[in-house]
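Protein sequence lines, in the order shown, are assigned to chains A and B. Taking our numbering, the leading residue of the first sequence gets 127, the next gets one more, and so forth. Taking our numbering, the leading residue of the second sequence gets 694, the next gets one more, and so forth. Even for Gly, the Cβ is constructed at its ideal location relative to N, Cα and C.
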Amino acid sequence: MTTPWRLALFVLALIVLVPAVWHVALALPAFGAPTEQYGAAVNALLTATRHVTNMVAAVNFDVRGFDTLGEESMLVCAVTGAVVLLRGTRGESMTDRAGKIPGRAVAPRTDATVLVCRIAATLTLLFGVYMALHGTVTPGGGFQGGAIAGSSLMLLYLGEGYESWRRMVRSPALDVLEGGGAFVFVGAAAVPLMLGYALLQNVLPFGTPKDLYSGGLMVVANFAVGVSVAGSFGLLLLEFMEETRSPDSESMPDEED
Amino acid sequence: MSWLIGGAMVLAAIAGLAVVLSRDPSRQIYALAANGIVLTLLFFVLQAPDVALSELAVNTVITPLLFLVTLAAARINKARQ
Numbered sequence: 127m128t129t130p131w132r133l134a135l136f137v138l139a140l141i142v143l144v145p146a147v148w149h150v151a152l153a154l155p156a157f158g159a160p161t162e163q164y165g166a167a168v169n170a171l172l173t174a175t176r177h178v179t180n181m182v183a184a185v186n187f188d189v190r191g192f193d194t195l196g197e198e199s200m201l202v203c204a205v206t207g208a209v210v211l212l213r214g215t216r217g218e219s220m221t222d223r224a225g226k227i228p229g230r231a232v233a234p235r236t237d238a239t240v241l242v243c244r245i246a247a248t249l250t251l252l253f254g255v256y257m258a259l260h261g262t263v264t265p266g267g268g269f270q271g272g273a274i275a276g277s278s279l280m281l282l283y284l285g286e287g288y289e290s291w292r293r294m295v296r297s298p299a300l301d302v303l304e305g306g307g308a309f310v311f312v313g314a315a316a317v318p319l320m321l322g323y324a325l326l327q328n329v330l331p332f333g334t335p336k337d338l339y340s341g342g343l344m345v346v347a348n349f350a351v352g353v354s355v356a357g358s359f360g361l362l363l364l365e366f367m368e369e370t371r372s373p374d375s376e377s378m379p380d381e382e383d
Numbered sequence: 694m695s696w697l698i699g700g701a702m703v704l705a706a707i708a709g710l711a712v713v714l715s716r717d718p719s720r721q722i723y724a725l726a727a728n729g730i731v732l733t734l735l736f737f738v739l740q741a742p743d744v745a746l747s748e749l750a751v752n753t754v755i756t757p758l759l760f761l762v763t764l765a766a767a768r769i770n771k772a773r774q
């Protein structure tokens, strides 16, 4: 497409879209306007009825928990698909060994880097677990906590180097975390169903507000999502990293098959 | 408070522009990470800490890292051929 054509298309799009966007923008509530009715209702009701102080978690894991179940399954499916694609091209037999490109220099790390990374990775992992467990009390929750725990694995890689990292972080363990977390979440949704209640209905005692255990089933669902997300991100990282290391197929010993 | 929101929005516009205008993929990845930090600040100023946390973890750590690794893998495979 030549430049004049692009310009003409741009002007045409502008003529069509600007009035529409303007119309919609004027119909929006003003910036910083008082909260929507739904938000006000959530704020007013959920502390009393669900004993939680983080309303986002209450909406995500209880009021519209079914949506979150769908989102979680979507994430698991996407990560599984990526892992199948990447592992499929390398072969399943290679999953538990660190790939290595012959003749490639390994950058040495100073002791200070290793030490700082070990401390920071531990603290980050701890913070991720804390956040996943306290999802019903303070901002954050399963997804955020899981993502933070997953990024602690990256710090570990930064300090230890690829091979020792692969010896510490086993891909079967990450598989179990990912699938197990999702399984527990589905179980938390299905058990009330089997007991004759609605899907994800909060059948556990609600606990005390602002306590670690508050919100009943939400704590279980939050932690399950956290575990699953941490496993997913770890697995993604591992499979992508392996992609930069895998030796080309010609130099691989093929005698076994 | 309002100048904080305004400042964060201006920063977000600049950071977004930097992502679009940088042509070198590896620089663009760092611009994307910086944009993630700025958006985290914006969400934080707008009192949405939950969204800010997801933004921080996903858009400044995990997405740039996956992009960087992909870029490295592409370069290694190109050098090998």
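Would you call the CB atoms of A:S278 and A:T236 closer than 9 angstroms?
no
Throw me the rounded Cβ distance for the B:A705 and B:L735 pair, which I believe falls under 8 angstroms.
The Cβ separation is near 5 angstroms, so the contact holds.
Can the beta-carbon of A:V310 be found less than 9 angstroms from the beta-carbon of A:F349?
Yes.
For A:I274, which residues in chain B fall below 9 angstroms Cβ to Cβ?
Correct list: L746, L749, A750 and V754.
With a threshold of 9 angstroms between beta-carbons, can A:D198 be considered close to chain B, or not?
Position check: residue 198 of chain A holds Glu in this sequence, whereas Asp was assumed. It does not; no Cβ of chain B falls within 9 angstroms.
Using the DSSP secondary-structure output, state which residues sit across from A:S389 in a beta bridge.
Summary: the structure shown does not reach residue 389 of chain A, with chain A confined to residues 127 through 383, and so no result is reported for it.
Within 10 Å of its beta-carbon, does B:D717 have 16 or more other beta-carbons around it, so buried, or fewer, so exposed?
exposed
Around the Cβ of A:V355, are there at least 16 other Cβ atoms within 10 angstroms (buried) or fewer (exposed)?
buried
Mapping DSSP to helix, strand and coil, what is B:S715?
coil
Would you mind sorting A:I274 into buried or exposed? The rule is 16 or more other CB atoms within 10 Å of its CB.
buried
Please name the residue in A:A308, A:V345 and A:E369 whose C-alpha comes closest to that of A:A184.
A:V345
List, in chain order, every chain A residue whose beta-carbon is nearer than 9 angstroms to that of B:T733.
Ordered by position in chain A, no residue passes the 9 angstroms Cβ test against B:T733, which lies about 12 angstroms from the chain.
Strictly below 8 angstroms CB to CB, what residues from chain A border B:I769?
I227 and T370
By the criterion of Cβ-Cβ separation under 7 angstroms, what are the contact partners of B:P742 in chain A?
P265
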